[in-house]
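Visitor: Take a look at the following structure, please.
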Amino acid sequence: MKKKINLAKAIFFILVIGLLLPGCILSLIPLPEIKTSIKLFSASIPATSFEQWVNNEERSINKVCANTGFDVETLRQRAIEGIQKLPLSRWMTRLLTYAINEIEVKSVTVEKITLRATAGNFSKISKISAKIKINNSGIIDLGEGKFNQDKTEIYFDKKIEVLNYVNKNPSEQTCVEGSLTITGTLGTQAINFDGIFDISIKLSF
Numbered sequence: 131m132k133k134k135i136n137l138a139k140a141i142f143f144i145l146v147i148g149l150l151l152p153g154c155i156l157s158l159i160p161l162p163e164i165k166t167s168i169k170l171f172s173a174s175i176p177a178t179s180f181e182q183w184v185n186n187e188e189r190s191i192n193k194v195c196a197n198t199g200f201d202v203e204t205l206r207q208r209a210i211e212g213i214q215k216l217p218l219s220r221w222m223t224r225l226l227t228y229a230i231n232e233i234e235v236k237s238v239t240v241e242k243i244t245l246r247a248t249a250g251n252f253s254k255i256s257k258i259s260a261k262i263k264i265n266n267s268g269i270i271d272l273g274e275g276k277f278n279q280d281k282t283e284i285y286f287d288k289k290i291e292v293l294n295y296v297n298k299n300p301s302e303q304t305c306v307e308g309s310l311t312i313t314g315t316l317g318t319q320a321i322n323f324d325g326i327f328d329i330s331i332k333l334s335f
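Structure, rendered in structure tokens:
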């Protein structure tokens with residue numbers, strides 16, 4: 131009788147280990163970090179009736195909501211596709227195929243935000259800083275921006291962990307709003323621009 135009880139315990143133990151061990155092993159396998167870019171919003175600095183010099187003047191970025199692919203599932207799929215394009219070993223390829231449903235998004239970090247002019251340019255602006263709000267993030271101070279050579283782009287390289295502000299499913303809209311503090315000359319032509327987010331996505335099993 132005692133042997134039967136011990137045998138039953140042994141079988142139960144083996145079954146438990148069989149269920150738990152794959153997850154434990156998978157959690158120890160590192161996945162590469164994937165970098166990608168998303169256009170999260172479009173906005174503009176409105177034209178003025180005449181050219182005027184402004185000094186640290188704040189201009190609002192009106193709230194914009196859209197389906198942009200800034201959600202956990204879309205980012206997860208994009209990162210998995212990025213990993214699959216890498217030169218992987220045969221065993222890693224098989225592992226990804228076997229355990230693809232076990233992969234989760236661990237973190238989403240904004241590495242850089244670029245304001246890219248689509249009409250006009252930033253040539254008459256000498257200094258600019260920005261604050262933004264992504265969904266329920268609260269105000270994020272990006273600090274002072276840097277210009278590219280021909281002043282068609284302004285970028286902010288403050289790193290921001292945003293996983294808590296990313297939408298949970300693709301049907302939800304991403305909302306962005308904020309403000310720009312400008313020193314320079316604002317002219318009679320509006321400056322339209324896109325907000326491009328360079329992000330890195332970390333996955334884990």
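Residue numbers for the sequence shown, in the numbering used here: 131 to 335.
A virtual CB, placed ideally from N, CA and C, is assigned to each residue, including glycine.
Note that the structure is a prediction, hence the values are computed from the model and not measured.
#1: Taking the straight line between their C-alpha atoms, what separation do you get for I243 and I329?
#2: List the DSSP bridge partners of Y228.
#3: What is the DSSP secondary structure of I264, reduced to helix, strand or coil?
#4: Between which two residues does the beta strand (DSSP E) harbouring V202 extend?
#5: Can you say whether N297 is buried or exposed, counting buried as having 16 or more other CB atoms within 10 angstroms of its CB?
#6: Are there 16 or more other CB atoms within 10 angstroms of the CB of T198, so buried, or fewer, so exposed?
#7: State the DSSP-derived secondary structure class of L293, mapped to helix, strand or coil.
#8: Quick one: measure Cβ to Cβ for G308 and K263, integer angstroms, because I've assumed they're closer than 8 Å.
#9: Using 10 angstroms around the beta-carbon of Y228, count the other beta-carbons present and answer buried if the total reaches 16, otherwise exposed.
#10: If I follow the unbroken beta strand (DSSP E) through L79, where does it start and stop?
#11: Using only alpha-carbon positions, find the residue among S334, S172 and T282 that is nearest to G250.
#12: L151: buried (16+ other C-beta within 10 angstroms of its C-beta) or exposed?
#13: Going by beta carbon distance, what residues of the same chain come within less than 6 Å of I269, once the five residues before and after it are set aside?
Guide: Taking the definition as stated:
#1: Position 113 of the sequence shown, counted from the start, is the residue given in the question as residue 243. Position 199 of the sequence shown, counted from the start, is the residue given in the question as residue 329. The straight-line gap from Cα to Cα measures roughly 9 Å.
#2: The count along the sequence shown starts at 1 and reaches residue 228 at position 98. According to DSSP, Y228 bridges with nothing at all.
#3: Start at 1 with the first residue of the sequence shown, and residue 264 comes out as number 134. Three-state result, I264: strand.
#4: Counting from 1 along the sequence shown, the entry for residue 202 is found at position 72. Segment V202 to Q214 is the alpha helix (DSSP H) holding V202; no beta strand (DSSP E) there.
#5: The residue given as residue 297 occupies position 167 in the sequence shown. Per the 10 Å Cβ criterion, buried.
#6: Walking along the sequence shown from the start, residue 198 turns up at place 68. Flag for T198 reads buried.
#7: Residue numbering aside, residue 293 sits at position 163 when the sequence shown is read from its first letter. Note: L293 maps to helix in three-state DSSP.
#8: Residue mapping note: residue 308 aligns to position 178 of the sequence shown, counting from 1. Residue mapping note: residue 263 aligns to position 133 of the sequence shown, counting from 1. At roughly 6 Å, the Cβ-Cβ gap stays under 8 Å, so G308 and K263 are in contact.
#9: Counting from 1 along the sequence shown, the entry for residue 228 is found at position 98. It counts as exposed.
#10: Nothing can be reported for residue 79, as the shown portion of the chain is limited to 131 through 335.
#11: Stepping through the sequence shown from its first residue, residue 250 is reached at position 120. Among S334, S172 and T282, the Cα nearest to that of G250 belongs to T282.
#12: Numbered from its first residue, the sequence shown carries residue 151 at position 21. Bear in mind that the predicted position of L151 carries a pLDDT of just 46, short of 50, making it unreliable; the figure below should be weighed with that in mind. Exposed, by the Cβ-count rule.
#13: Against the sequence shown, residue 269 aligns to sequence position 139. For I269, same chain residues with a beta-carbon under 6 Å away, outside a window of 5 residues either side, are K261 and K263 in chain order.
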